[in-house]
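> Quick note on my numbering: the sequence shown kicks off at 277 and runs consecutively.
Every residue, glycine too, gets a C-beta built ideally from N, C-alpha and C.
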Amino acid sequence: MLFEQANNELELIGRHMLVLKYVIERGPIGILKLSEETGMQAHKVRYSLRVLEQNGLIKPSQQGAIAGDNVTHFLNTGDERYDSIRKMMDDIEKIENSIIQK
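Written out as structure tokens, the structure is:
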């Protein structure tokens, strides 16, 4: 319904973050090893790796994926992103509550 797309996007972000965690902690790491360790299908791992690479969060090496140049900045600014999402959710909830109260 109305929130299904948002839920799907959050699940996707969660998947990307899990792949990023494994790359940072265990890199260099390849698709098959990531798939095995995360329990994710290889095509989903491949997609997450592509998205993470496009954002400079990982980079390929001959041995597998490794942390990218933007990863430190990304991790250091996480609170700002989460605060922004929380504020949007709070605003949406306030709108819904104002409808219910009428």
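Assign Leu376 to buried or exposed, taking buried as 16 or more other Cβ atoms, counted over all protein chains shown, within 10 Å of its Cβ.
Per the sequence shown, residue 376 should be read as Ile rather than Leu. Under this definition Ile376 is an exposed residue.
> Given this structure, state the Cα-to-Cα distance separating Gly332 from Asp367, to the nearest angstrom.
Gly332 and Asp367: Cα-Cα distance of roughly 31 Å.
> Taking the straight line between their C-alpha atoms, what separation do you get for Thr348 and Asn284?
Rounded to the nearest angstrom, the two C-alpha atoms are 26 Å apart.
> Could you check if Tyr358 is buried or exposed, using at least 16 other CB atoms within 10 Å of its CB as the buried criterion?
Label assigned to Tyr358: exposed.
> Applying the 10 Å Cβ sphere with the 16-neighbour rule, what's the burial state of Ser324?
Ser324 should be labelled buried.
> Which runs of the alpha helix (DSSP H) fall wholly inside the stretch 322-376 and span at least 4 residues, in chain order?
Segments of the alpha helix (DSSP H) lying fully in the stretch 322-376: 347-352 and 354-376.
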